[in-house]
Every structure is written in C-alpha cells, then in structure tokens.
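A.B. asks:
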Amino acid sequence: MLSTLLQKFRGGNSHALFGQVAFMAANLLVFILLLKRLPQEQVGVWGIFMTLMAIVDGIRQGLLQSGLTRQIILSPEREKSLVGTALLIHFAIIVLASLGFYLSSDFLATFWKMPELATLLRQSWKALLTLGTLQGLAALAFAKGQSKNYLIQNLVYFVLLILALGFGISFWVIDLEFLLNIQLLALVPVVIWVIGWGRISVSKPNLKDARELLDYGKFIAGTNLFSLLFQKADLLMIGYFLDPVAVGLFHFATRLLQYIELPLTALGQSIYPKITASYRSGMLTQLKSEYSRSVQLLFALIIPGLLLMLIMHRPLILVMSTEEFLKSVPVLFILAIGTLAKPLGRVSGMTLDAIGHPKVNFLLLLMSVVVNVVFNFILIQKIGLMGAALATSISVILTVIIGQWKVSKYLQFKPFAVVWADLKTNLKLV
Numbered sequence: 009m010l011s012t013l014l015q016k017f018r019g020g021n022s023h024a025l026f027g028q029v030a031f032m033a034a035n036l037l038v039f040i041l042l043l044k045r046l047p048q049e050q051v052g053v054w055g056i057f058m059t060l061m062a063i064v065d066g067i068r069q070g071l072l073q074s075g076l077t078r079q080i081i082l083s084p085e086r087e088k089s090l091v092g093t094a095l096l097i098h099f100a101i102i103v104l105a106s107l108g109f110y111l112s113s114d115f116l117a118t119f120w121k122m123p124e125l126a127t128l129l130r131q132s133w134k135a136l137l138t139l140g141t142l143q144g145l146a147a148l149a150f151a152k153g154q155s156k157n158y159l160i161q162n163l164v165y166f167v168l169l170i171l172a173l174g175f176g177i178s179f180w181v182i183d184l185e186f187l188l189n190i191q192l193l194a195l196v197p198v199v200i201w202v203i204g205w206g207r208i209s210v211s212k213p214n215l216k217d218a219r220e221l222l223d224y225g226k227f228i229a230g231t232n233l234f235s236l237l238f239q240k241a242d243l244l245m246i247g248y249f250l251d252p253v254a255v256g257l258f259h260f261a262t263r264l265l266q267y268i269e270l271p272l273t274a275l276g277q278s279i280y281p282k283i284t285a286s287y288r289s290g291m292l293t294q295l296k297s298e299y300s301r302s303v304q305l306l307f308a309l310i311i312p313g314l315l316l317m318l319i320m321h322r323p324l325i326l327v328m329s330t331e332e333f334l335k336s337v338p339v340l341f342i343l344a345i346g347t348l349a350k351p352l353g354r355v356s357g358m359t360l361d362a363i364g365h366p367k368v369n370f371l372l373l374l375m376s377v378v379v380n381v382v383f384n385f386i387l388i389q390k391i392g393l394m395g396a397a398l399a400t401s402i403s404v405i406l407t408v409i410i411g412q413w414k415v416s417k418y419l420q421f422k423p424f425a426v427v428w429a430d431l432k433t434n435l436k437l438v
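Counting with this note's numbering, you get residues 9 to 438 for the letters of the sequence shown.
1) Determine contact between the segment 340–349 and the segment 294–306, defined as no fewer than three beta-carbon pairs at a distance below 8 angstroms.
2) So for residue 214, helix, strand or coil by DSSP?
3) From residue 215 to residue 188, what distance separates their C-alpha atoms?
4) Please classify residue 422: does DSSP put it in a helix, a strand, or coil?
5) What residues in its chain sit with their C-beta under 8 angstroms from that of residue 339, if we drop five residues either side in the sequence?
6) If you compare alpha carbons, which of 315, 415, 114 and 377 is closest to residue 364?
7) DSSP on residue 29, reduced to helix/strand/coil?
8) Between 270, 281, 331 and 87, which lies nearest to residue 311 when the distance is taken from Cα to Cα?
9) How about residue 166 and residue 62: do their beta carbons lie closer than 8 angstroms?
10) Between the beta-carbon of residue 148 and the beta-carbon of residue 91, is there less than 8 angstroms?
11) Can you list the alpha helix (DSSP H) stretches of 4 or more residues lying completely in the segment 93–158, in chain order?
12) What's the gap between the Cα of residue 141 and the Cα of residue 323?
13) Whose C-alpha, out of 112, 117 and 68, is nearest the C-alpha of residue 102?
14) From the DSSP output, in three-state form, read off residue 181 for me.
15) Using only alpha-carbon positions, find the residue among 333, 64 and 86 that is nearest to residue 255.
16) Taking the alpha-carbon positions, what's the residue 370 to residue 191 distance?
17) Between the segment 117–134 and the segment 241–253, do three or more beta carbon pairs fall short of 8 angstroms?
18) Quick one: what's got a C-beta closer than 8 angstroms to residue 130's C-beta in the same chain, skipping five residues either side?
19) Out of 308, 374 and 381, state which residue places its alpha-carbon closest to the alpha-carbon of residue 351.
20) Would you report the Cα separation of residue 218 and residue 210, rounded to the nearest angstrom?
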C-alpha cells in the first residue's frame, strides 16, 4: 500500500502539494501575525472579510479555471487565445466585484456590526487581485502540465512575503490594512517572473473562446459558490447572531483545519486533469482505478494531520496564537469529524465535473447549502458556536453520502465499494 501511494505521489502530485504548502505557509505567517498582534475582535473582522473574498474568487475560479484546463488539454493549439480571453474575464470579475464591495461596504459593515469591515471592503481589489492572480497562474501551470512552475511561483511568493513582512514590521503599524498591502506587494515579483521568463503566452481575446469558457464554467461557478456558502455559512451566521469574538474563535478553528486539509486543495489541481483524461480514454477500469487511488491518497495525507491536531492541540494553538483561542478546542474537534469525510466528497465532485455533469454537482451543493443554513440557523441560536460546528459536520457527511450515490448512478460503479476493495487489496500487499 505504501509503495502504491508513494508512486501516486511522485511528480505532479508532489509539486502540487509542496506548492500548496508554500502558499499556505505564506498565508499562515500572515494569520499568525494577525493572531499575535491584533485583538480577537479584529480576527473576527478579518474572518468575515476573507470569507467574502473567497466566495468571489470561488466564482471566478469556477467560471474560468476548469474550463481553461479542459480546453487547453483538448485544443493545445488555441492556448494563447484561450489564455488571453481568460485574462480579460479574470480582470473584469475583479473590477466588478471590487466596485460592488466598495458601494456596499457601509451596508455590509452594519449588517455584521463590524465598523472596521467597511474600510477593508473599500480595498477589496487588493485581496481579490492577489488571490485571483496566484490561483489563476496555478490553474494555467497545471493545464499545461507544468506543475513544477506552480511550485516555483509559490516558493517565490513565500520568500518575498517573509522579506516584506520583516521589512514592514520594522517600519509600519501592524493593522488589517497592512496585511492586505504586504500580500499584494509580494505578488508583484511573482508576476514579473512569470512574464519575464515566458511562462505565459497570450493573444487577442476571442468571443468564441469566451462563450465556451463561460458556458462550461457557469455551473462550476455555481457549484463553487454553493460549496463556499456551504463551508462559510456557519461563519457568516455566527457573525450575524453572535459577535466578532465568536467569529474570531470559529475562524481560528476553521483555519487550523484548513491547513490540515491542504492536500484536498493542493492535489485537487492535479487530480482533476487525470480523472478527465481517464474518462476520455473510455476505459471504466482506468477511471475506477484513478478514482480509488485519488481518494486513498487524500485520506493518507490528511489523517496524520488530524491525529496530530487532536493529540497536540494545546501546544499547537499556543504556538500560533494566545491562550484566549483555547476556547476554540471543542469547536475544532467537532469540525474534525466532518473533515474525515471530505476526501470522498472532493473526488466525487471533481468526477461529476470531469464526466460532463457539472449541473448535477451544482444542484447537489445547492441542496447541501439549504440544509447547512437551516441547521446553522437552528443550532447557533440554541447552543452557540458548538451548534455551528455540529451543523457543519452533519451537513458535510450528508453531502458526501449523496455525492457517492450520484457518481454510482452515472458511472455504474459504487465509489465507496471500489475504494474499500482496493484498500483491502493494498493492505494485503503490505
């Protein structure tokens, strides 16, 4: 079993994982600075702000990245036109979203009872440009089979962010605006490196390409939107029903788990093209094998992190933050239950997209969002933060179960049974 997983991990998967490690490590530095130097209330404000940024970027990713990857794989000769068109759509989304946040900043700050949120929202273009550009360059690298470039660009961003933070801490006041500026500053050399070394080639945007990208991406964008709402509904509703301190505690717990779930995000970028290629081969056996190996690999990479977190949670929290955040431990443990089911859910969702059923994935997540919001609405008001964690974990598990059934309906095999059978075979070989 170990040799099989290591073989699966080599090459593009290792580049994807370590590239994501570099990206998440950069974000972790910013997050630790936030936890150590700013009050809990501001951690809550940052949590709501970054949640809104993640939702917009999730829509942008859905509209562009899967479709761009698919079209470049199918028609590599059209790469320049496709990239040029995708860049135009990319910047259009950032401009429109930034304008929307600027105009609604006071309303949203009032809604969540966070006056400082308005200041951040008026500068949302900085966060959207940083996050969107890094994710867009990552998608392009994987579409072209250049996972090593993804690793390099994230390492460059990580090193530059360390330098920028070291310089900035010495000369500027540490506040939420500083965190935005420092991330944007670290992005600039990455873009210069990508352009200067010819890692990206573009030509004039094409209307036909735009239609293809948007037509394919519309349901994936919807899926991403509802997936993020599914993940973030708890935080947004805590902000409305409770207070910024509660948001800060919950945001800390979810961010800690996000680092443990890193393989789900990192390897998803390399798993999706492989599942797509397996499906296009027309061989069901190959698709089943790719599906099973992907799920097993994700489980093998997140379970050690979860165990470490459960055993070492107190020193881990104190290293990252302060004693005030130890109050998040019960929430962390309940959310960890839902995390255990996520490898199955992530691969099922990518499979539905890859086999040409993004609408099914979209409708599945729409239903899940409704369930999650209802559970959160009831349980947050009854038992506070614990209710939000419980609602989220229950919703994740229900979604995964239904997702398995949907995959079996379209591909004539039972995903969990295939994974379990392969796992037993691998265990016998150990």
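For glycine and all other residues, C-beta sits at the position ideal for the given N, C-alpha and C. Everything numeric in this text was worked out from a predicted model, so none of it was measured.
C.D. replies: So, from the listed chains and residues:
1) no
2) coil
3) 34 angstroms
4) coil
5) 257, 258, 261, 393, 394, 396 and 397
6) 415
7) helix
8) 270
9) no
10) yes
11) 123–129 and 132–151
12) 35 angstroms
13) 68
14) coil
15) 333
16) 32 angstroms
17) yes
18) 109, 110 and 113
19) 308
20) 14 angstroms
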